[in-house]
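I have placed the structure first, in the form of structure tokens, so that the comments after it can refer back to it.
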Amino acid sequence: MASRRHLGWWVALILFSAGCARPEATITLETDAASSGEAAPETGVLRFAVGGMITPKEGMAYYRDFLRYIQEKTGVKVAYVDREGYAEINEMLRTGQLEVAFVCSGPYVDGHREFGLELLAAPQAYGVTVYHSYIIVPKASPAVTFADLRGKRFAFADPLSNSGKLVPTYMLAKMGETPESFFKEFVFTRAHDRSIKAVAQEVVDGAAVDSLIWEYLNAVDPERTAKTRILEKSPPYAIPPIVVAPGLAAELKTKVREVVLGAHLDPKGRAVLAKMKIDRFVSIDDRAYDSVREMQAWIAKQPR
Amino acid sequence: MPFRSIRRKFLVSLVAATSFFALAMIVFAETVIRRMLVTHLQEKGLAIARTVAADSVNPIITEHYFEVAMAFHDLREAEEDVLYAFVLDENGRELVHTFAGGLSTELKGAQPRRAANGTRTIELQTDRGPVLDISVPLLHGQIGWLRLGLSTARIRHQVNGIVLLIVLFAAATFAVGVAAAVGFARVITRPLLSLTRAAEAFGRGDTSQPVVIDSQDEVGKLAGVFNAMVASRLSVEEEREVLIEELRRTLGEVKTLRGFLPICSSCKKIRSDQGYWQQIESYIRDHSQAEFSHGLCPDCARTLYPEILGPGGGSHGT
Numbered sequence: 133m134a135s136r137r138h139l140g141w142w143v144a145l146i147l148f149s150a151g152c153a154r155p156e157a158t159i160t161l162e163t164d165a166a167s168s169g170e171a172a173p174e175t176g177v178l179r180f181a182v183g184g185m186i187t188p189k190e191g192m193a194y195y196r197d198f199l200r201y202i203q204e205k206t207g208v209k210v211a212y213v214d215r216e217g218y219a220e221i222n223e224m225l226r227t228g229q230l231e232v233a234f235v236c237s238g239p240y241v242d243g244h245r246e247f248g249l250e251l252l253a254a255p256q257a258y259g260v261t262v263y264h265s266y267i268i269v270p271k272a273s274p275a276v277t278f279a280d281l282r283g284k285r286f287a288f289a290d291p292l293s294n295s296g297k298l299v300p301t302y303m304l305a306k307m308g309e310t311p312e313s314f315f316k317e318f319v320f321t322r323a324h325d326r327s328i329k330a331v332a333q334e335v336v337d338g339a340a341v342d343s344l345i346w347e348y349l350n351a352v353d354p355e356r357t358a359k360t361r362i363l364e365k366s367p368p369y370a371i372p373p374i375v376v377a378p379g380l381a382a383e384l385k386t387k388v389r390e391v392v393l394g395a396h397l398d399p400k401g402r403a404v405l406a407k408m409k410i411d412r413f414v415s416i417d418d419r420a421y422d423s424v425r426e427m428q429a430w431i432a433k434q435p436r
Numbered sequence: 199m200p201f202r203s204i205r206r207k208f209l210v211s212l213v214a215a216t217s218f219f220a221l222a223m224i225v226f227a228e229t230v231i232r233r234m235l236v237t238h239l240q241e242k243g244l245a246i247a248r249t250v251a252a253d254s255v256n257p258i259i260t261e262h263y264f265e266v267a268m269a270f271h272d273l274r275e276a277e278e279d280v281l282y283a284f285v286l287d288e289n290g291r292e293l294v295h296t297f298a299g300g301l302s303t304e305l306k307g308a309q310p311r312r313a314a315n316g317t318r319t320i321e322l323q324t325d326r327g328p329v330l331d332i333s334v335p336l337l338h339g340q341i342g343w344l345r346l347g348l349s350t351a352r353i354r355h356q357v358n359g360i361v362l363l364i365v366l367f368a369a370a371t372f373a374v375g376v377a378a379a380v381g382f383a384r385v386i387t388r389p390l391l392s393l394t395r396a397a398e399a400f401g402r403g404d405t406s407q408p409v410v411i412d413s414q415d416e417v418g419k420l421a422g423v424f425n426a427m428v429a430s431r432l433s434v435e436e437e438r439e440v441l442i443e444e445l446r447r448t449l450g451e452v453k454t455l456r457g458f459l460p461i462c463s464s465c466k467k468i469r470s471d472q473g474y475w476q477q478i479e480s481y482i483r484d485h486s487q488a489e490f491s492h493g494l495c496p497d498c499a500r501t502l503y504p505e506i507l508g509p510g511g512g513s514h515g516t
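Sequences listed follow chains A and B, in order.
Residue numbering for the first sequence follows the working numbering, starting at 133 and increasing by one per position.
Residue numbering for the second sequence follows the working numbering, starting at 199 and increasing by one per position.
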């Protein structure tokens, strides 16, 4: 068998003794010691989460430069953390695995109530610090109002998302409906851009998405929103903020807040914000989120 | 110049042609076919790596490495050529891999991380055989690189199979060729040998061995020409012999009149060697095979018979 296996090489060696053979060192693929693949937790690092709003791939393009800017300006190493779901991020903030995060308004309200999650700043986009829930449908959909989506397939974003779940559920509750009773079926896409894609591809008949995400994609990549149409806009709600874990050192919190709030004054920071379609970051009061709390409370009172 | 039989020349030519063909085909298999198979495997590996990389981006960013590891193991089960897969982050730290033990530093460093976003494939000699190592950036290299190892052992096996087939085919061709060459040489050389023997006999003067013509090819034509030449030569010989005999016989019959003949100026008698005067007719008759018939020439006829012929008449001899 050995001679058969090397038959061709013998001939090749005879004919091209100098040219064909490329002697290469043999490398070992595997070592005996199993490597964990897990890095030891870094110390002195500001762990900053960005997940839940858009898919990790899109989030990387959207947030990475902003986090690098914070690292550069604070002098503290910033670790990029992303998770597909607000519940996981809130849990990490609660257990001290995260220091800072972009979260949706709903999860902030939940986190604030449950473990004292604190506001750091809020983005101001298009001149305001509010946003909407957009009910979107495929461009060719015959639906005229949200009520026309009865018996259709619908996409929510995250179960804790304000614009992607709470607001449309509230709208249904006002109609005396629940997602289960109103829609033929509904899914959680875990990201607003994925909901937009599902509507554009007509995988679902409608979706509730964050107005900031839809407008951002509409500005930077219009093809992705071109096959969708805004059916309804919800009333304004306080914009998703940057939050910090309750245990974060005051000095570090102050340092980060100063950098974030002053980013629009710095050319480099301004460029980063422009890329994110954000005018600036501003301080925001917890009471701005009372409308979200009221909505949660109203829904909670409804009979199921 | 040593003698080289046609049969031997045929065999040597056949061995040379078969060997050259076989070697050329083996080289072709080892170079062109192997390169085609490697290229095909590389394209397939790139397609797999790009798909896996695209699917791995989100779980890598969200640190759901278990999902990636499961996907890698599913891939290895589905694609037998996939020897390993692993992901290194942008700092070269391993995030997930398919090895039961650890990922070796040698393998990790076999492909340098590059700033460019393109993919890269290199061939590695490893302790588990030759491998195509494909490197694909994850999110333009921002979050790391996916490395996929494809074993080329199956290609080696396929090429060896092709080489074996070529060798067997060449051997079969050689065996059939030898038999054909021997038969062919025999068919060609048999009339040549017969012709040679006939020519040798002809050279010795033996013309009794005609070459038997049993083919219509060049050799048969040559034998035919030879036979025709021999027949022509024999015919010429026979004609010459007949002519010689005829001349010999004629010469035997001819009596030659030579020298001075003393002849009477008046009566035209000739004096023989014995001193007798003979009539010219009897002398010539005795000394040659000529016979005389008598007649009158016109002048004499007019002289002898002027009353009949007159001065202008003529007569023919009898």
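The C-beta atom is built at its ideal place from N, Cα and C for all residues, glycine as well.
Just so you know, these numbers come straight off a predicted model, no measurement behind them.
- A:Arg-215 has its alpha-carbon roughly 7 Å from the corresponding atom of A:Ala-181.
- Listed in chain order, the beta strand (DSSP E) elements of length 3 or more contained wholly in the segment 319-379 of chain A are 338-342, 360-365, 374-376.
- Here A:Arg-389 is not near A:Leu-292, since their CB atoms are 7 Å or more apart.
- With a threshold of 7 Å between beta carbons, A:Glu-190 makes no contact with chain B.
- Under the DSSP assignment, B:Thr-319 falls in the beta strand (DSSP E) whose first and last residues are 318-324.
- In chain order, Ile-259, Thr-260 make up the part of chain B whose C-beta sits under 9 Å from the C-beta of A:Gly-183.
- Fewer than three pairs of CB atoms, one per stretch, sit closer than 8 Å, so the segment 261-268 of chain B makes no contact with the segment 224-231 of chain B.
- Residue-level contact check: B:Gln-323 touches chain A, since one or more beta carbons of chain A fall below 7 Å from its beta carbon.
- Under the three-state reduction of DSSP, A:Asp-197 is assigned to helix.
- The continuous beta strand (DSSP E) containing B:Gly-342 extends over residues 342-349.
- Counting along the chain, B:Arg-291 sits inside no beta strand (DSSP E), nor does DSSP assign it H or E at all.
- Under DSSP, the beta-bridge partners assigned to A:Ser-265 are A:Asp-342.
- Annotated three-state conformation of B:Pro-310 is coil, per DSSP.
- The Cβ atoms of A:Lys-271 and A:Lys-359 lie closer than 7 Å to each other.
- Scanning the segment 459-505 of chain B for uninterrupted alpha helix (DSSP H) segments of 4 residues or longer gives 478-485, 496-502, listed from N- to C-terminal end.
- Those residues of the segment 231-258 of chain B placed with their C-beta closer than 7 Å to a C-beta in chain A are Val-255, Asn-256, ordered along the chain.
- Membership of A:Ile-431 in the alpha helix (DSSP H) is indicated by the continuous run 422-433.
- The Cβ atoms of B:Ala-283 and B:Thr-296 sit closer than 7 Å to each other.
- Taking CB atoms only, A:Glu-162 has a neighbour in chain B less than 7 Å away.
- For A:Pro-399, the enclosing alpha helix (DSSP H) stretches over residues 399-407.
- Against chain A, a Cβ distance below 9 Å from B:Gln-340 picks out Met-192, Ala-193, Arg-196.
- The distance from the Cβ of B:Leu-322 to that of B:Ala-247 is about 15 Å, inconsistent with a contact at the 8 Å cut-off.
- Spatial neighbours of B:Gly-375 in its own chain (CB-CB distance under 7 Å, excluding positions within 5 residues in sequence) are listed in chain order as Leu-212, Thr-216.
- Straight-line spacing of the CA atoms in B:Asn-425 and B:Val-385 works out to 19 Å.
- Counting only runs of 4+ residues, the alpha helix (DSSP H) found wholly inside the segment 343-428 of chain B occupies 351-401, in chain order.
- A:Phe-286 has its alpha-carbon roughly 17 Å from the corresponding atom of A:Thr-357.
- At a cut-off of 7 Å, the C-beta of A:Ile-159 has a neighbouring C-beta in chain B.
- Beta bridge pairing from DSSP links B:Ser-333 with B:Arg-318, B:Arg-345.
- Under the Cβ distance rule, B:Arg-345 does not count among the residues neighbouring chain A, no pair being separated by less than 7 Å.
- Between B:Gln-340 and the set A:Met-192, A:Gly-243, A:Gly-217, A:Val-404, the nearest pair of CA atoms involves A:Met-192.
- A:Thr-158 sits in a strand when the DSSP states are folded into three classes.
- Sorting B:Ser-486, B:Arg-483, B:Arg-274, B:Leu-502 by C-alpha distance to the C-alpha of B:Gly-493 places B:Leu-502 at the top.
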